[in-house]
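Here the first sequence stands for residues 2 to 645, numbered as in this note's numbering. Read the structure below first, then the notes.
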Amino acid sequence: MMNITFPDGAVRQYEKGVTALDIAKSISEGLARKIIAAEVNGEVWDATRPIENDATLKLLTWDDKGGKSTFWHSSAHLMAESIESMFPGVKFWVGPAVENGFYYDIDLGDRHISEDDLRKLEVKMAELAKQNNAYVRKAIPKAEAIRYFTEKGDEYKLDLLQGLNDGEITFYTQGAFTDLCRGPHLPHTGLIKAIKLTNIAGAYWKGDEKNKQLIRIYGVTFPSQKQLDEYLQMLEEAKKRDHRKLGKELAIFTFDDDVGPGLPLWLPNGTVIIEELEKLAKETEEDAGYKRVVTPHIAKESMYLTSGHLPYYQDSMYPPMELEGIKYYLKAMNCPHHHKIFAAEPKSYKDLPLRLAEYGTCYRYEQSGELFGLMRVRCLHMNDAHIYCTKDQFFQEFKAVNDMYLKYFKIFGIDKYVMRLSLHEPSKLGQKYINEPELWIETEEMVRQVLKETGTPYVEVPDEGAFYGPKIDVQIWSAIGREFTLATNQVDFAQGRRFKLEYTNHNNEADTPLIIHRAPLGTHERFIGFLLEHYAGKFPAWLAPLQVKILPISDKFMDYAKTVLSKLKKAGIRSEVDDRNEKIGKKIRDTELMKVPYMLVIGEKEMNEGKVAIRRQGKGDLGTKDADEFIQEVKTEIEERREG
RNA sequence: GCCGUUGUAGCUCAGUGGUAGAGCACUUCCUUGGUAAGGAAGAGGUCGUGAGUUCAAUUCUCAUCAACGGCUCCA
């Protein structure tokens, strides 16, 4: 007998060789039917794998994270089985579970696969699932495994085997399909009740674009049709707040074929938002001791050679224009221009920290397939600034930037993000990263200290730094689940030297400043794209393109409506009168759909009493108020940038 | 850039080898109506672009451009 300890601390005795599924059955049949896998001593195991020694045990169902990923990984095997039956002789790479489902990477040889094939595969999978085939685990000696896949002619699995040690290799078989796999898996295929293959994509082998491209098929499965339906419903809901859809509906931005891909045109409504954001940035930066500067959109090649950007960035810069033998590039970043401003006049330690800010327009030639609405564009307006400081000032300055981030996030109510400390990768010094090993380690530690001492939660990620230093990125997710960097705060110990930036220190010696690059509001493009989704288009009054819409019940009240309008305008509130010949219900509906924060319904009663009937978007009728009182309240709400 | 899908009116989308339709939006008229769609009439498209097959192409084929879903990449 052996002791099995459960999550609640209870200990029960079982025969050696018992499985988690047996244990579940001993508790209840209902539970046993739901078991997907088990955590044995903290490791996820097959529910059907015998337990031979004392262990802690947690039974995993669909509701556990480990349960879902096991379910989806097993689904990937089931999909592979149906693919192999439809396309005999295909070769498989890997088929992991992902955040929402699973995929399998496949080499189809010369064959093609279409959306229609996915529907056929779904049918085949459902048919195979119904056979309730067990997933059978088998330990295999390495030599035998190599023999198996050599006979099968599958070089991908042989490549995988190279990295594995003899004694740790297992095969899993369900039905007619056998795969090299660490597991774990479901007890049997019958648990997979609802199947949706979502899309076909190309994926480079081992994620390297120099390698052959495999076909990746994504899918998602559930233990019941109801859960699949709910999931698909949720995806539909998410699409409703996609910034590309809202951007069109609310007339925020547009693209035009003649202007070019990735070059957004900001419509009047979007421009209002841009200007409000710039106003916020300018106020905040003024308070924080920044100086504003303005720089040209182009510069000579020599500057980007000095900065070192050219060898790293050339592929994502628009090609140069050449005049009189000199190459000019559209700027892809503002830093070098700002460095030149620093260098324009001799500096003393008394001038530091020097903080230069600009909403800089940059152009980056992103690959066509990478463009994505406003989130990934080729023309961007960056909330940029560079802080030049001494090493002694660094902590204070970096912390102040961090505080500015948090202040902004509070204003916008941004709470779903991850701060990511991006570090260098020592093996790539001199290639992806500037070859200054000591400085990397030193500055990375300083940044880490700021995060720790300010109690900012963060994750560390190697091999994500900028080429000139470590950085903190703020990661967010779009409505459809794609991850983006919203804002960035970077250390730069390289460009100061490259540009020979110097200041005279206390000892009358020349010294090189440290540089902080920071963009708390990222770019207008990505930030507004994010805000559209964050607010689902319902901007707080201070950001709303139109803040108040006056809705006269009939044109008899038009004169009074115009009186109210002129008062609103005088108070600096963006407002309009709906003077269309429509019924009030229609005017309200249209204004609600345009997500205007305040509607003023005006009829005979309001006109006679000098009042306005207030309706708040999404909240309905708020009753009547004296017109002047309403104006004062809205004005305050806007000035305080309240969320509403 | 690569793999896959799509491209019809301002928007959302039907449809067809014999040069096109709906709803909303728009214009005009009727209606002056109190908190999410009043009624009628009208106007609007060389069916993304270029070539090919055909007596005939928006429809079939190819190329190209753009968008979308991924990969790679990134603020």
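Just so it is clear, CB atoms sit at the ideal spot from N, CA and C, and this is done for glycine as well.
Inter-residue distance for Arg183 and Ser83 is about 21 angstroms (C-alpha atoms, whole angstroms). Take Met376, set aside five residues on each side of it, and the residues of its chain with a beta-carbon closer than 7 angstroms to its own are Ser479, Phe485, Arg527 and Gly530, in chain order.
Using a 10 angstroms sphere on the CB of Gln368, the tally of other CB atoms stays under 16, which defines it as exposed. Bounds of the beta strand (DSSP E) holding Ser576 are Ser576 to Val578. In the structure shown, Phe468 falls within a coil segment according to DSSP collapsed to helix, strand and coil. DSSP lists Ala614 as the beta-bridge partner residues of Thr625. Classified as buried, Met304 has 16 or more neighbouring CB atoms from the shown chains inside 10 Å of its CB. In its chain, beyond the 5 residues on either side, Leu109 and Arg112 have a beta carbon closer than 7 angstroms to the beta carbon of Phe88. When Cβ pairs closer than 8 angstroms are counted between the two stretches, the stretch 124–144 is seen to touch the stretch 168–186, the count reaching three or more. Contact check for Cys363 and Met334: beta-carbon distance about 6 angstroms, within the 8 angstroms limit, so the pair qualifies.
For Val602, the enclosing beta strand (DSSP E) stretches over residues Tyr599 to Ile603. DSSP assignment within the stretch 436–495 yields the following whole alpha helix (DSSP H) runs of 4 residues or more, N-terminal first: 438–454. Residue environment analysis places Asp493 among the buried positions, since at least 16 neighbouring C-beta atoms fall within 10 angstroms of its C-beta. The shortest C-alpha to C-alpha distance from Met608 to any of Arg575, Gly263, Gly645 and Ile554 is the one to Ile554. Leaving aside the five residues that flank Ala511 on each side, the residues in its chain whose CB is nearer than 6 angstroms to its CB run, in chain order, Glu503. For Ile516, no alpha helix (DSSP H) segment is defined; the enclosing uninterrupted segment is the beta strand (DSSP E) at Leu515 to Ala520. Residue burial annotation: Met405 is buried, with at least 16 other C-beta atoms found within 10 angstroms of its C-beta. For Tyr418, there is no enclosing beta strand (DSSP E), as DSSP gives it neither H nor E. Short of 6 angstroms from the beta carbon of Leu381, and not among the five residues preceding or following it, lie these beta carbons of its own chain, in chain order: Cys363, Thr524 and Glu526.
Cα atoms of Glu284 and Leu278: separation of roughly 10 angstroms, rounded to the nearest angstrom. Apart from the 5 residues on each side of it in sequence, Ala39 sits with its Cβ closer than 7 angstroms to the Cβ of Ala21, Trp46, Ala48, Leu58, Lys59, Leu60 and Leu61 in its chain, given in chain order. Residue state for Met559 is assigned as helix, using DSSP reduced to three classes. Inclusion of Phe399 and Val451 in the CB contact set at 8 angstroms is warranted, their separation being smaller than that value. Here the alpha carbon of Gly497 sits roughly 19 angstroms from the alpha carbon of Gln432. Taking a cut-off of 8 angstroms on C-beta distances, the stretch 268–277 touches the stretch 250–258, as three or more cross pairs fall below it. Inclusion of Arg499 and Gly309 in the CB contact set at 8 angstroms is warranted, their separation being smaller than that value. One alpha carbon belongs to Gln618, the other to Gly538, and they sit about 11 angstroms apart. Assignment of Leu109 by DSSP, reduced to helix, strand and coil, places it in the coil class. Secondary structure at Pro427: helix, using DSSP grouped into helix, strand and coil.
Judged by DSSP in its simplified three-state form, Pro347 adopts coil rather than helix or strand. The three-state secondary structure of His507, taken from DSSP, is coil. Rounded to the nearest whole angstrom, the C-alpha separation of Lys550 and Ser576 is 6 angstroms.
Shortest Cα-Cα distance from Glu302 to any of Lys246, Tyr319 and Leu522 involves Tyr319.
Here Met383 is buried, its C-beta having at least 16 other C-beta atoms within 10 Å. A straight-line Cα-Cα distance of about 14 angstroms links Glu439 and Lys429. Under the three-state reduction of DSSP, Asn403 is assigned to helix.
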